[in-house]
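Here the working numbering is used: the first residue of the sequence shown is 1, the next is one more, and so on.
Backbone N, C-alpha and C define an ideal beta-carbon position, used for all residues, glycine too.
What follows is a single structure, written as structure tokens, with notes after it.
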Amino acid sequence: LSIRKSISKLDHAVSELIAQGKDEEEITRELNSIIQKHSTKTNPELAA
1 LSIRKSISKL DHAVSELIAQ GKDEEEITRE LNSIIQKHST KTNPELAA
């Protein structure tokens, strides 16, 4: 799966959330927490 394709799906999901009037700061917090959850920098055990 290409990064571009995945980001495109994410882009679409975010635009839908904003269109529904969701709080942009909340969306940003949620996206950051997802990135951190999957990051080997914040979760070194994922790299093991």
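Quiz item: Near residue 18, what residues of its chain come up, given a Cβ to Cβ distance below 8 Å and the 5 sequence neighbours on each side ignored?
Solution: 24 and 27
Quiz item: Skipping 5 residues on each side, what residues in its chain have a beta carbon closer than 6 Å to that of residue 46?
Solution: 40
Practice problem: Please report the residue range of the alpha helix (DSSP H) in which residue 11 lies. | Solution: 3-19
Quiz item: Quick one: what does DSSP say residue 33 is sitting in, helix, strand or coil?
Solution: helix
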